[in-house]
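Visitor:
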Amino acid sequence: AVEVEQHKLSLDEQVSKDPALAKWVSVIRRRHAAFQHALQDVCTADGSLHDFCVTNGLFYFGLQREKNGWRFREWAPCAVGASLVGDFNRWDSGAHPCERDDEGVFSVYIPDDERGQSQLRAGSRYKLCLSMIAFGEARSVLCVPAWAKCTSQDAITGEICAVVPLADVDAYCWQFERPKTPQSLRLYEIHPGIASSMPHVSDWTHLRKKVLPRIAELGYTGLLLLGVLEHGYYASFGYQVTSYFAPASRFGPAHELQRLIDEAHGLGLVVLVEMVHSHASSNAREGLPQDEVAGPYFLPGAAGHHAVWGSRIFDFSRLEVVRFLLANLIWWSTAYRVDGFRFDAASTTLYRHRCLGAAGSFSGDYERYFGSSAEVDEAGLIYLKLANYVAAHAAPLPLITIAEEHSGFPGLCVP
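Per UniProt numbering, the sequence shown runs over residues 1 to 415.
And the structure:
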């Protein structure tokens with residue numbers, strides 16, 4: 001049996017500070033019990049939280065180097081078949097078919113050639129070819145693998161592909177220790193693409209050399225980076241993520257992002273990343289596997305589509321979705337030494353109405369948060385609690401977490 005640390009909810013203290021909560025103590029306790037149950041499920045699914053997120057997540061899915069070849073795995077239960085294609089096999093969908101297990105995980109092994117050389121060369125492009133049936137019609141879809149850690153965008157067509165990394169992200173030689181979390185955060189929010197006064201898309205290097213020293217000199221204690229995760233549509237400002245584990249390639253190579261964060265640490269700045277787990281890009285060719293109806297990562301039907309943003313809404317009740325997102329937090333905090341996250345559009349995660357139209361107006365009536373008409377998406381609420389737990393207990397160091405939330409959800413930031 002796996003022991004899960006039980007966090008006592010200090011309701012008495014909360015109620016003493018906010019007496020309006022007294023009426024809703026039973027609801028708060030029920031929701032917290034649901035979180036504890038979900039945490040137990042996560043911790044026992046694979047033996048431990050680490051195994052769930054890392055051993056059977058980061059080190060299992062995607063392209064993994066083995067002794068004499070590459071192993072590739074992708075969770076895509078919406079597909080009936082799959083194959084790995086790319087420069088290495090001239091994009092031949094029949095060359096490297098995948099096997100499908102009972103859970104909808106496709107896998108293929110690509111051995112080294114007779115000379116012991118990898119068939120998947122550093123810098124070469126690859127994608128996943130999924131065979132899907134939608135509305136009774138079979139079709140093939142090329143998509144970027146969900147766990148791809150390196151991508152590139154064609155300068156002419158704009159197409160994004162997964163890329164075999166030129167260098168191991170873990171090989172970066174860090175020069176500075178992470179700074180201690182400041183008593184008071186004074187964050188400088190910046191998007192790397194518009195960090196320059198010149199009329200072009202800027203990059204990590206310019207931000208590091210020209211802007212970072214000024215930020216430190218002005219007395220800021222932290223940096224909040226926007227648009228870090230790969231996104232095919234630049235005008236989305238990084239809010240329609242297509243690849244969650246890959247840094248946006250248009251801003252430069254991964255090691256330049258690492259160097260930016262490293263030198264920020266050297267200047268005493270903590271570095272936070274805007275984390276978009278509230279929704280994802282609806283671009284099926286560049287984003288997560290999906291079809292017109294649902295896709296394994298997203299809610300089915302209309303509930304899985306954001307009516308205003310045109311993006312997809314995660315199904316937080318699915319264990320593999322939770323694995324993907326929690327592992328995503330651990331990846332950025334380990335591979336890039338990010339010190340924390342600001343969770344974008346947390347209100348979209350917290351409510352089934354996604355705060356659209358009149359539903360997005362809150363008067364402060366606690367019925368809207370805890371009552372029978374609250375429309376709280378409890379799976380989303382539990383996910384945010386799980387994300388906070390991972391940030392506090394599963395990352396190399398406790399992480400800073402900030403919610404961008406406009407409903408004024410009571411108790412949202414209570415430790």
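Where is the CB? At the ideal position from N, CA and C, for every residue including glycine.
Where are the alpha helix (DSSP H) runs, 4 residues long or more, that stay fully inside the region 204 to 261, in chain order?
Guide: 212 to 217
Visitor: If you run the structure through DSSP and keep just helix, strand and coil, what is E3?
Guide: For E3, the predicted model reports a pLDDT of 40, less than 50, meaning its position is unreliable; a value from the coordinates is still stated below. Looking at E3 - three-state DSSP - the assignment turns out to be coil, as it is neither helix nor strand.
Visitor: Taking 7 Å as the limit between beta carbons, can you name the residues of its chain near I194, skipping five residues before and five after?
Guide: Cβ neighbours of I194 beyond the five flanking positions: S202.
Visitor: Report yes if the CB atom of Q240 is closer than 8 Å to the CB atom of S281, and no otherwise.
Guide: yes
Visitor: Whether or not the region 71 to 81 and the region 128 to 145 are in contact is what I'm after, with contact meaning three or more pairs of Cβ atoms, one per stretch, closer than 8 Å; do they touch?
Guide: yes
Visitor: For residue 418, collect the residues of the same chain with a Cβ closer than 8 Å to its Cβ; drop the 5 residues on either side in sequence, then sort them by chain order.
Guide: This structure gives no information on residue 418, because the portion of the chain shown stretches from 1 to 415.
Visitor: In angstroms, rounded to a whole number, what distance separates the CA positions of G238 and E230?
Guide: 7 Å
Visitor: Distance, Cα to Cα, S184 vs E274?
Guide: 19 Å
Visitor: Under 6 Å Cβ to Cβ from A33, same chain only, skipping five residues before and after it: list those, please.
Guide: none
Visitor: Comparing alpha-carbon positions, which option in P289, A284, F245 and G252 lies nearest V276?
Guide: Nearest of P289, A284, F245 and G252 to V276, Cα basis: F245.
Visitor: Kindly confirm or deny that the region 149 to 169 and the region 242 to 260 touch, where touching means at least three C-beta pairs closer than 8 Å.
Guide: Short answer: they touch.
Visitor: Would A387 and A346 be called neighbours here (beta carbons separated by less than 8 Å)?
Guide: No.
Visitor: From this set, G47, R125 and F370, which residue's C-alpha is nearest R31's C-alpha?
Guide: It is F370 whose Cα lies nearest to the Cα of R31.
Visitor: Once the 5 residues before and after L188 are set aside, which same chain residues still bring their CB inside 6 Å of it?
Guide: Per the sequence shown, the amino acid found at residue 188 is Tyr instead of Leu. Here the set comprises I215, Y220 and L223.
Visitor: Can the beta-carbon of I382 be found closer than 8 Å to that of F35?
Guide: yes
Visitor: Determine, using beta-carbon pairs with one atom in the region 351 to 367 and one in the region 79 to 97, whether at least three such pairs fall under 8 Å.
Guide: no
Visitor: Rounded to whole angstroms, what is the Cα-Cα separation between L130 and A82?
Guide: 4 Å
Visitor: Candidates E66, L11, V42 and D18: which alpha carbon is nearest A394's?
Guide: Distances from the alpha-carbon of A394 to those of E66, L11, V42 and D18 put V42 closest.
Visitor: Restricting to Cα atoms, I'd like to know which of V25, S10, A148 and V27 is closest to N328.
Guide: A148
Visitor: Start and end of the beta strand (DSSP E) containing T44?
Guide: No beta strand (DSSP E) contains T44, which is instead part of the alpha helix (DSSP H) from V25 to A45.
Visitor: Where R318 and A392 are concerned, what is the direct C-alpha to C-alpha distance, given to the nearest angstrom?
Guide: 22 Å
Visitor: Within a Cβ cutoff of 7 Å, which residues of the same chain sit near S311, ignoring the five residues on either side of it in sequence?
Guide: Q240, H279, A280, S281 and S282
Visitor: Could you pull the start and end residues of the alpha helix (DSSP H) that I382 belongs to?
Guide: E378 to H393 is the span of the alpha helix (DSSP H), which, as asked, contains I382.
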